[in-house]
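> For what it's worth, the working numbering labels the leading residue of the sequence shown as 20, then goes sequentially.
Heads up, the beta-carbon is just placed ideally off N, CA and C, and yes, glycines get one too.
Got a structure for you, questions after.
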Amino acid sequence: MKKLLLTLTLICSVSAWSCEQGLPMPPKQEQDKDDKEENKEDNKEDDGQRDEPKQIVVNGTTINDATTLYGVVTNTQTGQGIENIVVSDGFICVTTDSNGVYQIVRNENCEMVNISIPAEYEIPVDGGNHPAFYKRFIISKDEKFRHDFALTPLPGGKQSEFTLLTLADIQLHDTNDADRFRDETMPDIDQLLPTLVNPIAVTLGDDTNKNNSAMWTKVKQITANQKVSIFHCMGNHDHLNELSPDDHSKSTTYWKSVENFHKYFGPQNYSFSRSDTHIVVMDNALHGETPPPGEDYEYAAGFYDWQFEWLKQDLSYVPKDKMVLLCVHIPFRDGKGGNHSDERYRQKVLNLLSEYQEVHLLIGHTHKQSTWIHTVNGKKIYEHIHGAVCGGMWHSTVCVDGTPNGYGVYTISGNTLKDWYYKATGYDPDMQIRAYDGGQTFYDPRLNQSKSAKQNYYSKYSWSAPGYIIANIWNIEHGDWDVTLWQNGKQVATMSKIAEREWWVAYWFLEVWGTTSDSYRGSTKHLYKGKLADKNAPFTICAVDKSGKRKTMECSTLTTDFSEVWGDFATKEVTRNPIPACEGEW
Numbered sequence: 020m021k022k023l024l025l026t027l028t029l030i031c032s033v034s035a036w037s038c039e040q041g042l043p044m045p046p047k048q049e050q051d052k053d054d055k056e057e058n059k060e061d062n063k064e065d066d067g068q069r070d071e072p073k074q075i076v077v078n079g080t081t082i083n084d085a086t087t088l089y090g091v092v093t094n095t096q097t098g099q100g101i102e103n104i105v106v107s108d109g110f111i112c113v114t115t116d117s118n119g120v121y122q123i124v125r126n127e128n129c130e131m132v133n134i135s136i137p138a139e140y141e142i143p144v145d146g147g148n149h150p151a152f153y154k155r156f157i158i159s160k161d162e163k164f165r166h167d168f169a170l171t172p173l174p175g176g177k178q179s180e181f182t183l184l185t186l187a188d189i190q191l192h193d194t195n196d197a198d199r200f201r202d203e204t205m206p207d208i209d210q211l212l213p214t215l216v217n218p219i220a221v222t223l224g225d226d227t228n229k230n231n232s233a234m235w236t237k238v239k240q241i242t243a244n245q246k247v248s249i250f251h252c253m254g255n256h257d258h259l260n261e262l263s264p265d266d267h268s269k270s271t272t273y274w275k276s277v278e279n280f281h282k283y284f285g286p287q288n289y290s291f292s293r294s295d296t297h298i299v300v301m302d303n304a305l306h307g308e309t310p311p312p313g314e315d316y317e318y319a320a321g322f323y324d325w326q327f328e329w330l331k332q333d334l335s336y337v338p339k340d341k342m343v344l345l346c347v348h349i350p351f352r353d354g355k356g357g358n359h360s361d362e363r364y365r366q367k368v369l370n371l372l373s374e375y376q377e378v379h380l381l382i383g384h385t386h387k388q389s390t391w392i393h394t395v396n397g398k399k400i401y402e403h404i405h406g407a408v409c410g411g412m413w414h415s416t417v418c419v420d421g422t423p424n425g426y427g428v429y430t431i432s433g434n435t436l437k438d439w440y441y442k443a444t445g446y447d448p449d450m451q452i453r454a455y456d457g458g459q460t461f462y463d464p465r466l467n468q469s470k471s472a473k474q475n476y477y478s479k480y481s482w483s484a485p486g487y488i489i490a491n492i493w494n495i496e497h498g499d500w501d502v503t504l505w506q507n508g509k510q511v512a513t514m515s516k517i518a519e520r521e522w523w524v525a526y527w528f529l530e531v532w533g534t535t536s537d538s539y540r541g542s543t544k545h546l547y548k549g550k551l552a553d554k555n556a557p558f559t560i561c562a563v564d565k566s567g568k569r570k571t572m573e574c575s576t577l578t579t580d581f582s583e584v585w586g587d588f589a590t591k592e593v594t595r596n597p598i599p600a601c602e603g604e605w
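Here it is as structure tokens:
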């Protein structure tokens with residue numbers, strides 16, 4: 020009993036601390052009438068109960084009068100309560116007692132309870148194979164609510180190895196996008212799964228383009244009944260206003276979009292564990308907050324005070340010898356511009372994470388593949404920024420930097436990342452480099468002259484480097500790899516990194532599609548250049564990880580046309596049939 024009272028005192032203290040500190044938190048929007056009715060029905064169907072007795076006893080534990088959220092976590096095989104399971108209302112974290120019972124004085128904004136799934140147990144799923152580790156409810160903040168969880172031990176115990184798939188920026192805007200996600204991405208994943216060990220998946224934000232309920236429904240339908248369970252993360256586009264889709268102002272409240280996410284995929288901030296790795300998923304798009312100076316979008320990037328407090332509490336239950344993967348949508352990088360800022364806990368989060376054995380940040384948002392390496396307290400923290408599932412907003416099969424549409428594949432052994440690669444949708448896993456003739460000028464003779472050709476952003480789409488090979492190697496950490504060019508069994512050049520436009524992809528987006536966005540006109544960060552010894556002899560580009568940890572990448576084929584880049588937006592003359600090769604200066 021003393022242990023119970025101490026636990027409850029700590030819970031109440033955390034709640035009081037939050038109020039005393041005046042933690043920044045957007046006002047909670049009044050729940051819609053239809054939403055309230057919907058959740059009343061949910062509560063009737065679930066084991067959730069509103070208890071009236073003054074004294075409640077659950078599995079041998081007396082529930083304190085101040086407790087407003089409680090339940091028991093049991094082992095499905097033994098029926099016994101499980102001790103030390105982390106449970107959260109999204110604002111604080113507690114653990115179950117020796118009887119498997121948890122108690123929380125829930126936050127006034129709480130509408131959900133979830134567990135952090137331990138590594139020794141199966142991921143609980145619903146009838147559609149969606150992760151089912153939470154319960155949503157809408158009741159008065161002073162009412163008591165009970166929800167019980169059940170966990171099934173893994174047959175062989177904790178896994179020694181698993182594979183994590185990361186899907187950034189699915190970004191469904193309409194049914195055409197949904198069809199392509201269903202018909203291209205999901206079959207590609209399905210085909211890859213048999214080659215993977217214990218696969219699970221997580222999205223990295225922007226599942227939808229504008230927080231549209233119809234698209235949330237599509238995402239849930241398409242990801243249902245798959246052979247892999249998919250967790251979800253919120254992004255800035257998941258916060259936008261479906262009632263006024265062209266309004267990027269503060270008219271959509273922060274909590275309304277969070278409630279929409281809750282309806283379909285559960286908690287906004289949560290965690291789970293596999294093997295000796297702890298995976299944390301958080302929303303770092305602060306919709307409605309003032310962006311950095313010079314930026315005109317409708318959000319800031321970072322964490323609110325209460326989110327950082329939640330993260331600290333969640334990690335307090337994780338041993339320091341574990342690996343931690345933090346999944347968020349917006350990059351950390353240097354904290355400037357539109358990145359996750361130091362004012363919003365960037366550096367403090369990195370400091371906190373640096374205490375663990377190994378750390379990786381898994382990021383979306385940019386629709387460009389890159390890696391940023393932080394050195395914090397002597398530890399390297401890798402920030403993996405992913406190309407997009409949707410590429411250039413489903414307008415092609417490539418991202419804005421030439422990275423193919425695709426997703427990340429991470430092989431994890433215990434508490435270390437054994438290997439990782441970016442899986443290009445529709446290609447063999449070995450497709451890691453695209454090579455170009457440095458002297459080729461890209462164009463298509465069948466452009467619709469009335470739409471695109473008159474743009475003429477650039478007079479010539481070429482590197483103007485005849486006799487050189489240009490390589491786009493999207494999943495590489497600069498400085499950690501040797502990139503070389505080989506001909507006739509000999510190394511003929513060490514390829515050097517260049518910061519230039521990716522002219523092949525720039526031509527497609529600027530002149531064929533006809534976009535005016537600045538996003539398609541910047542330099543690409545992962546281009547390499549090497550001089551051929553014999554322009555008529557075959558070549559091989561070879562990228563080798565100096566540490567020997569990752570698989571070597573090779574490419575011996577030139578990309579000379581746009582036959583692989585099609586889209587239903589294309590001009591009348593440009594169809595999904597292969598487009599003739601561009602003229603070159605070889």
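By DSSP, does Asn288 sit in helix, in strand, or in coil?
Position 269 of the sequence shown holds residue 288. Note: Asn288 maps to coil in three-state DSSP.
> Let's test the definition: count the other Cβ atoms within 10 Å of the Cβ of Ile312 and tell me whether it reaches 16, buried, or not, exposed.
The residue you call residue 312 lines up with position 293 of the sequence shown. Looking at the sequence shown, residue 312 is not Ile but Pro. So Pro312 counts as exposed.
> Would you decide whether Lys237 is buried or exposed? Buried here means 16 or more other CB atoms lie within 10 Å of its CB.
Along the sequence shown, read from residue 1 onward, the residue named residue 237 stands at position 218. Under this definition Lys237 is a buried residue.
> Is the stretch 514 to 524 in contact with the stretch 411 to 423, if contact means three or more CB pairs nearer than 8 angstroms?
At 8 angstroms Cβ cutoff, the stretches touch.
> What span of residues does the beta strand (DSSP E) with Glu377 cover, start to end?
Here residue 377 is taken as the residue at index 358 of the sequence shown, counted from 1. Segment Glu377 to Ile382, the beta strand (DSSP E) holding Glu377.
> Mapping the DSSP letters down to three states, classify Tyr440 as helix, strand or coil.
To locate residue 440, count along the sequence shown from 1; it is residue 421. In the structure shown, Tyr440 sits in a strand (DSSP, three-state: E or B).
> Helix, strand or coil: how does DSSP classify Asp198 here?
Taking the sequence shown and counting its residues from 1, the one referred to as residue 198 is at position 179. The answer is helix: DSSP assigns Asp198 an H, G or I state.
> Just mark Glu402 as buried or exposed, buried being the case when its beta carbon has 16 or more other beta carbons within 10 Å.
Looking up residue 402 in the sequence shown gives position 383. So Glu402 ends up on the buried side.
> When DSSP labels each residue in this structure, what does Gln99 get in the three-state scheme?
Residue 99 sits at position 80 when you count from the first residue of the sequence shown. Note: Gln99 maps to coil in three-state DSSP.
> What are the boundary residues of the alpha helix (DSSP H) that includes Thr236?
One-based indexing of the sequence shown puts residue 236 at position 217. Per DSSP, Thr236 belongs to the alpha helix (DSSP H) from Ser232 to Thr242.
> Helix, strand or coil: which one does DSSP assign to Glu519?
Taking the first residue of the sequence shown as 1, we reach residue 519 at position 500. Strand at Glu519.
> Since Asp580 sits in a beta bridge, which residues does DSSP pair it with?
Position 561 of the sequence shown, counted from the start, is the residue given in the question as residue 580. Answer by DSSP bridge pairing: none, since Asp580 is not bridged.
> So, with DSSP's three-state summary, where would you put Ala472?
Position 453 of the sequence shown, counted from the first residue, corresponds to residue 472. Legend: pLDDT at Ala472 = 47, less than 50; position of this residue unreliable, value from coordinates given subsequently. Looking at Ala472 - three-state DSSP - the assignment turns out to be helix.
> Between Arg363 and the rest of its own chain, which residues show a CB-CB distance below 6 angstroms, the 5 nearest in sequence each way excluded?
Working through the sequence shown from its first residue, we reach residue 363 at position 344. For Arg363, where only same-chain residues beyond five positions count, the Cβ hits under 6 angstroms are Gly321 and Phe322.
> Which whole-angstrom value is the C-beta distance of Val531 and Asp463, which I expect to be below 8 angstroms?
The residue you call residue 531 lines up with position 512 of the sequence shown. The residue you call residue 463 lines up with position 444 of the sequence shown. About 6 angstroms; that satisfies the 8 angstroms criterion.
> Excluding the 5 residues flanking Val144 on each side, which residues of the same chain have their C-beta closer than 8 angstroms to its C-beta?
Start at 1 with the first residue of the sequence shown, and residue 144 comes out as number 125. The answer, listed in chain order, is Pro150, Ala151 and Ser248.
> Looking only at C-alpha atoms, which of Asn475, Ile75 and Cys561 sits nearest to Trp527?
As a first step, residue 527 must be located in the sequence shown, where it is residue number 508. Selected option, being the one with the closest Cα: Asn475.
> Could you give the first and the last residue of the continuous beta strand (DSSP E) run that contains Gln506?
As a working mapping, residue 506 is identified with position 487 in the sequence shown. Trp500 to Gln506 is the extent of the beta strand (DSSP E) around Gln506.
> Check whether the Cβ atoms of Val347 and Ile392 lie closer than 9 angstroms to each other.
Against the sequence shown, residue 347 aligns to sequence position 328. Against the sequence shown, residue 392 aligns to sequence position 373. Cβ atoms of Val347 and Ile392: not closer than 9 angstroms.
> Please determine whether the Cβ atom of Gly427 lies at a distance below 8 angstroms from any heavy atom of the ligand NAP.
No copy of the ligand NAP occurs in the structure displayed, which carries no ligand at all.
> Whole angstroms are fine: how far does the CA of Pro286 sit from the CA of Ser292?
Taking the sequence shown and counting its residues from 1, one reaches residue 292 at position 273. Taking the sequence shown and counting its residues from 1, one reaches residue 286 at position 267. Roughly 16 angstroms between the two C-alpha positions.
> Look up Gly427 in the DSSP assignment and give the residues it is bridged to.
Position 408 of the sequence shown, counted from the first residue, corresponds to residue 427. In the DSSP output, where bridge partners are listed per residue, Gly427 has Thr185 and Tyr441.
> In this structure, how does DSSP classify Ser268 when only helix, strand and coil are distinguished?
Counted from its first residue, the sequence shown places residue 268 at position 249. With a pLDDT of only 47 at Ser268, under the threshold of 50, the placement of this residue in the model should not be trusted, and no figure is reported.
> Quick check: what's the CA-CA separation for Lys275 versus Thr204?
As a working note, residue 275 is residue 256 in the sequence shown. As a working note, residue 204 is residue 185 in the sequence shown. Distance between the alpha carbons of Lys275 and Thr204: 29 angstroms.
> Considering only their Cβ atoms, is the gap separating Trp235 from Asn288 smaller than 9 angstroms?
Numbered from its first residue, the sequence shown carries residue 288 at position 269. Numbered from its first residue, the sequence shown carries residue 235 at position 216. Going by C-beta atoms, Asn288 is not nearer than 9 angstroms to Trp235.
> Buried or exposed: where does Lys331 fall if 16 or more other Cβ atoms within 10 Å of its Cβ makes it buried?
Residue mapping note: residue 331 aligns to position 312 of the sequence shown, counting from 1. Label assigned to Lys331: exposed.
> Do Val300 and Ser290 have their C-beta atoms within less than 9 angstroms of each other?
Sequence index remark: in the sequence shown, residue 300 carries index 281 (1-based). Sequence index remark: in the sequence shown, residue 290 carries index 271 (1-based). The answer is yes: Cβ separation under 9 angstroms.
> Where does the unbroken alpha helix (DSSP H) through Gln367 begin, and where does it stop?
In the sequence shown, the residue the question calls residue 367 occupies position 348. Per the sequence shown, the amino acid found at residue 367 is Lys instead of Gln. Per DSSP, Lys367 belongs to the alpha helix (DSSP H) from Arg365 to Leu372.
> If contacts are defined as beta-carbon pairs under 8 angstroms, then Thr503 and Lys479 qualify, I think. What distance do you get, rounded to the angstrom?
One-based indexing of the sequence shown puts residue 503 at position 484. One-based indexing of the sequence shown puts residue 479 at position 460. Rounded, the Cβ-Cβ distance is 29 angstroms, inconsistent with contact.
> Got a sec? Which residues, its chain only, sit under 8 angstroms from Thr444 by beta carbon, not counting five neighbours each side?
As a working mapping, residue 444 is identified with position 425 in the sequence shown. If we look at Thr444 and ignore the five residues flanking it on each side, its Cβ neighbours are Glu203, Thr204, Asp207, Val408, Thr416, Pro423, Asn424, Gly425 and Tyr426.
> Quick test of the definition: if touching needs 3 or more C-beta pairs under 8 angstroms, does the stretch 250 to 261 touch the stretch 208 to 218?
Contact fails: fewer than three Cβ-Cβ distances are below 8 angstroms.
> Out of Asp196, Ile241 and Gln240, state which residue places its alpha-carbon closest to the alpha-carbon of Lys229.
Along the sequence shown, read from residue 1 onward, the residue named residue 229 stands at position 210. Cα-wise, what sits closest to Lys229 is Asp196.
> Just reading off the alpha helix (DSSP H) that Glu328 is part of, what are its end residues?
On the sequence shown, position 309 is the one that residue 328 refers to. Start and end: Asp324 to Leu334.
> With the cut-off set at 9 angstroms, would you say Asn494 and Tyr429 are in Cβ contact?
Walking along the sequence shown from the start, residue 494 turns up at place 475. Walking along the sequence shown from the start, residue 429 turns up at place 410. No, these two residues do not count as a Cβ contact at 9 angstroms.
> Leaving out five residues on either side along the sequence, give the residues of the same chain with a beta carbon under 7 angstroms from the beta carbon of Phe168.
Locating residue 168 in the sequence shown gives position 149, counting from the first residue. Answer for Phe168: Gly90, Val92 and Ile134, listed in chain order.
> Grouping DSSP H, G and I as helix and E and B as strand, with all else coil, what is Val408?
Locating residue 408 in the sequence shown gives position 389, counting from the first residue. The answer is coil: DSSP assigns Val408 none of H, G, I, E or B.
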